[in-house]
Amino acid sequence: MQSTNHSNQDHAQDAAPLLRVRDLRVSFRTDKKTMVETVKGISFDIPHNTTVALVGESGSGKSVSSLAVMGLLPKDNSSIAATSVIEFEGRNLLAMSPDERRDMCGKEISMIFQEPMTSLNPVFTVGFQIAEVLQLHMGMNAKQARARAIALLEEVGIPSPATKIDAYPSQMSGGQQQRVMIAMAIACEPKLLIADEPTTALDVTIQKQIIDLIEALRKRHKMSVLFITHDLALVGEIADQVIVMRHGEVREKGDVRQIFETPQDPYTKALLMCRPSLDTRPWRLPVISDFMNNSVNGNNGADLDLRERSRGCSGQEDTLLEVRNLGKSFYFREGLFGRKEFKAVQDVSFKLARGKTLGVVGESGSGKTTVGLTLMRLHQATSGQALFEGKDIIGMSNSEFMSYKRRIQIIFQNPYASLNPRFTIGQILLEPMRIHQIGSDDNERTEMAMQLLQKVGLPPVAYHRYPHEFSGGQRQRIAIARCLTMRPEILVCDESVSALDVSVQAQVLNLLQDLQEEFGMSYIFISHDLSVVKYLADQVMVMHQGKVVELANSDELYHNPTHPYTRQLLSAIPRGLQN
């Protein structure tokens, strides 16, 4: 843990808190007659000059609680109970007029939203959007606001801020977009900064930069931070106090060291145990139900199977896929007649053993996903070979490759975009079987689909439902079931668990291990989460700027990295509470 226990924290906590929340109850209207309570009477304080982490899975009420503080809940279908109290420096926010609330929540309380690309207006430059905040809340003129915006971009670490101020959001990387959101949030030097999942799906190095930036800004501006996340490893890096939520209720709260070292609630223990560790590789990852079910009997997860699972390749395994000097370039127009080449993948070579997992890691833009899509022939390779049992699938004609489509499948990163919203789950599963003539008729295919749903942990009733009726984790299970309809030998997993809660992530990782053991499948597991890769992969391939910089067995690479870039990636992994 960083040195976030501040010298002035003791007397700050003796005084009145900066933010005081009591009996917060938020309900949403599901139809004309029904209101559902999603936040169920929670209470907490945020002291001055302190970072408080609000932790829990999706649907726990974390973001709803923060939106209630900001006054951003939709007025037409939500309501806050009359008994609820939200006080900021002794002033009741719920009793303020809309104009008073708007002025306070733009100037004294500000918020960094989870997804910067949907929070930033794509038709305005980032400089215009930062300047708008300054002109509205600080009364600056256009010249003053622009100068202040440049200074803010420099403060949050944007390179060449005088140039980047005129860039549009689409011209910036995800990490840079998040930095712009932070610059907007601190523009008026707020007393309370609410950060709602500010690092979700960011590369591990960018994630560390954002965490360090928020902490540095908190110290410099002497503000408090409400840090919302589902990842307890991040909490240990930044927080002073922790509030754990589940199903709209506070399950546990306390000092960060107490939460990490002596958690009292089974749910807190589950969150701490679900995430893969760099130090151990249990046979199966614990999931929330292991702890919640055991707590009824007083075990609190004590009877979990924590046998160590060995990973690695000896070099004697049967090679299923051999990639030689794979290259992929993209071309862009430059000027009237010119053409510019961007080499996304350069001279990539590796072997994938039968029944083993190759982890592919690197930052965004390193070429990880391009390798996977090129092997699937969703991108056309510029150079190289991919020998599947000795036959080059890159150089095949479309008709020749048709029989190989069934044997190599992909799970895409976004489970919300990869399933057809107009198809039922049954139609999604039956369609590929019909195309590849798997099963003698639809009755047999339906039976196979039902068995696959059971295998991935979904009830038979899911067969008749549509994708929008399922959570993100359930949709990812459906995507896995769709791949299994082809009975593939190679499964490319493209960031397939990156945006999932740690408990759902553990369920999907356990499922992938079970399927590999049962069917002997080989995985190419693409991820920016090095803890997950360490847990699942036998070998790890590190990519940087389109090239392979290191390839080794996972334990060897994590314990003795040889390339400076690999060491940089490993040093950025959040490790929870540090002494």
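In this note's numbering, the protein residues as written are 1 to 579.
Note that CB positions come from ideal geometry on N, CA and C, so glycine has one too.
Around the C-beta of residue i, are 16 or more other C-beta atoms found within 10 angstroms, so that it is buried, or is it exposed?
i: N398; result: exposed
i: P222; result: Contrary to the premise, residue 222 reads as Lys rather than Pro in this sequence. It counts as exposed.
i: L24; result: buried
i: L536; result: buried
i: I526; result: buried
i: R307; result: exposed
i: R281; result: buried
i: A16; result: exposed
i: P159; result: exposed
i: K143; result: exposed
i: A68; result: buried
i: S403; result: exposed
i: M184; result: buried
i: D442; result: exposed
i: K534; result: buried
i: A233; result: buried
Give the single residue among the options whose Cα lies nearest to the Cα of residue i.
i: G473; options: P467, Q209 and V504; result: V504
i: Y331; options: F470, H379, G372 and G312; result: H379
i: L272; options: F519, N510 and V502; result: V502
i: G359; options: S522, A462, A270 and I478; result: S522
i: D76; options: V250, D31, M70 and R445; result: D31
i: G139; options: C274, C188, M448 and I182; result: C188
i: I478; options: P276, M402 and K455; result: K455
i: V323; options: C105, A151 and D392; result: D392
i: D103; options: N121, G90, I480 and V133; result: V133
i: M182; options: R422, R475, M111 and D529; result: In the sequence as presented, Met is not what sits at residue 182; that position holds Ile. When only C-alpha atoms are compared, the closest one is M111.
i: D349; options: A386, R333, L336 and C313; result: The sequence shown places Ser at residue 349, rather than the Asp named in the question. The option with the nearest alpha carbon to S349 is A386.
i: V371; options: L326, T566 and K33; result: L326
i: L491; options: S66, G175 and L373; result: L373
i: P161; options: P190, Q135, T125 and L193; result: T125
i: Q177; options: K191, N121 and V36; result: N121
i: I186; options: P286, F260, K405 and E108; result: E108
i: V156; options: I206, H137, F128 and R407; result: I206
i: Q258; options: D279, G236, L278 and C274; result: G236
Taking the DSSP output, what are the residues bridged to residue i?
i: D196; result: I228
i: D494; result: I526
i: R20; result: D45 and E87
i: I411; result: C493
i: G254; result: V242
i: G327; result: S383
i: L321; result: L352 and F388
i: K40; result: R25
Under a three-way DSSP split, which group does residue i fall into?
i: P98; result: helix
i: R179; result: helix
i: V296; result: With a pLDDT of only 42 at V296, under 50, the local geometry of the prediction cannot be trusted, and the value read off the model is given with reservation. If DSSP states are grouped into helix, strand and coil, V296 belongs with the helices.
i: K351; result: strand
i: M111; result: strand
i: K356; result: coil
i: S79; result: strand
i: T485; result: coil
i: Q539; result: strand
i: R422; result: coil
i: H464; result: helix
i: P459; result: coil
i: D279; result: coil
i: N92; result: strand
i: D392; result: strand
i: M172; result: coil
i: F519; result: helix
i: Y565; result: helix
i: P574; result: coil
i: K33; result: coil
i: A552; result: strand
i: K62; result: helix
i: D10; result: At D10 the pLDDT is 44, less than 50, meaning the model places this residue with poor confidence; the figure from the coordinates comes in the next sentence. Note: D10 maps to helix in three-state DSSP.
i: T51; result: strand
i: V612; result: Because the chain here runs from 1 to 579, residue 612 falls outside it and cannot be looked at.
Is the beta carbon of residue i within less than 8 Å of some heavy atom of the ligand SAH?
i: M70; result: In the structure on display, the ligand SAH does not appear, and there are no ligands present to speak of.
Inter-stretch contact at 8 Å, needing at least 3 Cβ pairs: the segment 91-99 / the segment 35-54: No, the segment 91-99 does not touch the segment 35-54.
The segment 158-166 contacting the segment 190-198, beta-carbon criterion three pairs below 8 Å: Segments in contact, no.
Contact the segment 354-369 vs the segment 304-320: 3+ CB pairs below 8 Å: Yes, they touch.
Cβ contact (3+ pairs, closer than 8 Å) linking the segment 543-556 and the segment 358-370: Verdict: yes, contact present.
Cβ contact check for the segment 420-432 and the segment 387-397: 3 or more pairs under 8 Å: These segments do not touch.
At least three beta-carbon pairs within less than 8 Å, the segment 340-351 to the segment 508-523: Short answer: they don't touch.
At least three beta-carbon pairs within less than 8 Å, the segment 143-152 to the segment 223-233: With a cut-off of 8 Å, the segment 223-233 and the segment 143-152 do not count as touching, because too few Cβ pairs lie within range.
Cβ contact (3+ pairs, closer than 8 Å) linking the segment 108-122 and the segment 47-61: Not touching, per the Cβ criterion.
Given 8 Å, three or more beta-carbon pairs between the segment 44-53 and the segment 239-248: Counting C-beta pairs with one atom in each stretch, the segment 44-53 and the segment 239-248 have three or more that are closer than 8 Å, which means they touch.
contact_flag[the segment 249-269, the segment 460-476] where n(CB pairs < 8 Å) is 3 or more: For the pair of segments examined, the segment 249-269 was found not to touch the segment 460-476: the number of CB pairs separated by less than 8 Å stays below three.
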